[in-house]
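Residue numbers (the numbering used here): 30 to 131.
Note sheet for the following structure.
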């Protein structure tokens with residue numbers, strides 16, 4: 030991978046939680062902290078089959094009522110899957126040969 034490839038993967042991975050929220054059709058209420066009161070509930074995306082899922086769009090939930098999603102290893106792996114390499118095996122061989130010559 031080139032430095033540019035790594036930068037693109039990082040940026041794409043950082044956007045994955047936001048994409049999950051934007052593409053969600055159902056959300057469920059969650060407590061942001063264990064000691065939170067019921068009035069402090071936040072909304073997080075979930076499967077339509079989840080027992081407490083409520084059909085709604087992310088733009089119908091106030092920003093301060095949305096639970097921030099964590100960045101996960103799966104977000105980076107998903108970004109890597111769609112990455113098109115800009116450095117080929119031939120490029121690496123040419124670089125190795127050039128390094129041997131100098």
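Virtual Cβ for every residue (Gly too), placed ideally from N, Cα, C.
Note that the structure is a prediction, hence the values are computed from the model and not measured.
Contacting residues, own chain, Cβ-Cβ under 8 Å from residue i (five flanking each side not counted)
{"i": "residue 122", "result": "none"}
{"i": "residue 56", "result": "72, 73, 74, 75, 82, 83, 85, 87, 90"}
Residue i versus residue j: straight-line alpha-carbon distance, rounded
{"i": "residue 120", "j": "residue 94", "result": "49 Å"}
{"i": "residue 118", "j": "residue 35", "result": "17 Å"}
{"i": "residue 61", "j": "residue 49", "result": "18 Å"}
{"i": "residue 44", "j": "residue 131", "result": "42 Å"}
Contact under 8 Å by Cβ, residue i with residue j
{"i": "residue 104", "j": "residue 46", "result": "yes"}
{"i": "residue 38", "j": "residue 109", "result": "yes"}
Sequence-distant residues of its chain with Cβ nearer than 7 Å to residue i (five each side left out)
{"i": "residue 54", "result": "77, 84"}
{"i": "residue 63", "result": "none"}
Segments assigned alpha helix (DSSP H), at least 4 residues, entirely inside the segment 52-112: Listed in chain order, the alpha helix (DSSP H) elements of length 4 or more contained wholly in the segment 52-112 are 102-110.
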